[in-house]
Amino acid sequence: MNMVKTVLENFNVHTLYLEDRDNTKGAGGLTREYMTLRSNMTQYFRIAPVKPKSNKFSRITTLITPFTYKKLYIAKYSSASVFNDIYAYKGDNKTYDDALGAISAAYLMMSLGYRERSVHFSNQRFL
47 MNMVKTVLEN FNVHTLYLED RDNTKGAGGL TREYMTLRSN MTQYFRIAPV
97 KPKSNKFSRI TTLITPFTYK KLYIAKYSSA SVFNDIYAYK GDNKTYDDAL
147 GAISAAYLMM SLGYRERSVH FSNQRFL
């Protein structure tokens with residue numbers, strides 16, 4: 047949590063989106079943990095727990111277009127094998143897809159409008 051706290055402070059984060067499958071009203075375990083972290087910081091940020099509605103496969107396949115047209119430059123920050131992982135992803139729950147799921151959720155949350163975002167995620171409630 048110290049690393050998360052450092053990132054939140056150094057990048058001046060105003061809204062933190064969390065994928066909390068338990069509860070999106072603030073009672074989920076992950077949300078409570080980040081609310082405790084926020085109370086111990088000098089910087090205030092909003093917490094928005096969201097619950098995915100679409101399956102992980104449909105969210106991950108949305109990454110193909112921005113990577114193809116070089117709108118996301120993740121290769122600068124990670125290995126080039128991320129492209130192979132995206133194109134090889136089958137949605138069969140046999141591969142380690144947590145990183146791809148996190149990248150796709152972040153991309154969708156930041157790039158889509160409200161209507162398009164509501165296809166993939168539940169309604170947002172800022173805490």
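Each residue of the sequence shown is one higher than the one before, counting from 47 in this note's numbering. Glycine included, each C-beta is placed from N, C-alpha and C at the ideal position. This structure is a prediction, so every number in the text was calculated from the model and none was measured.
Through-space distance from T88 to G147, alpha-carbon basis
For the purposes of this step, residue 147 is taken as residue 101 along the sequence shown, with counting starting at 1. For the purposes of this step, residue 88 is taken as residue 42 along the sequence shown, with counting starting at 1. Cα-Cα distance, rounded: 31 Å.
Assuming V96 contacts F172 under a Cβ cut-off of 8 Å, what Cβ separation, rounded to an integer in Å, is found between them?
Start at 1 with the first residue of the sequence shown, and residue 96 comes out as number 50. Start at 1 with the first residue of the sequence shown, and residue 172 comes out as number 126. Incorrect: roughly 11 Å between the Cβ atoms, too far for contact.
Q. Does DSSP put Y90 in a helix, a strand or coil?
A. Here residue 90 refers to the residue found at position 44 when the sequence shown is read from its first residue. In the structure shown, the three-state DSSP call for Y90 is coil.
C-beta atoms of T61 and T70 nearer than 9 Å:
For the purposes of this step, residue 61 is identified with residue 15 of the sequence shown, where counting begins at 1. For the purposes of this step, residue 70 is identified with residue 24 of the sequence shown, where counting begins at 1. The answer is no: Cβ separation not under 9 Å.
Burial state of I106, where buried means 16 or more other Cβ atoms lie within 10 Å:
Taking the first residue of the sequence shown as position 1, residue 106 is located at position 60. I106 counts as buried, since no fewer than 16 other beta carbons sit within 10 angstroms of its beta carbon.
Checklist line | Contact under 9 Å by Cβ, Q170 with Y90 | finding: Along the sequence shown, one-based indexing puts residue 170 at 124. Along the sequence shown, one-based indexing puts residue 90 at 44. No, these two residues do not count as a Cβ contact at 9 Å.
key: Simplified DSSP assignment, three categories, for T61   = Indexing the sequence shown from 1 puts residue 61 at position 15. Here T61 sits in strand by DSSP.
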